[in-house]
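In my numbering, the protein residues as written are 600 to 700. To start, the structure under review is shown below, and the notes come after it.
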């Protein structure tokens, strides 16, 4: 049974397609055009290969950074005092003007 996508899923899918086009298809087309029109002697080929290798390295590093940040963003909230990152004041004495002093 096929379910309809929610608007959020459509937006996410559209953003993914746009990012894929910008990050993957356009540089590939540019690299292909560069390869097609450049003279096939040593230095232009060497430079194009280095450019392609650099692009792959940049993409791998970018992917790792996104994966690391994805884990931080999607980490469940801390539960209990052992996992808390800051001191929590759980006391309530009513309005206290000296609370932050």
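Using N, Cα and C, we set each Cβ at its ideal position, and we do this for glycine too.
- In this structure, residue 633 sits near residue 647, with a CB-CB distance shorter than 8 Å.
- Rounded to whole angstroms, residue 650 and residue 628 show a C-alpha spacing of 14 Å.
- C-alpha of residue 640 to C-alpha of residue 617: approximately 35 Å in a straight line.
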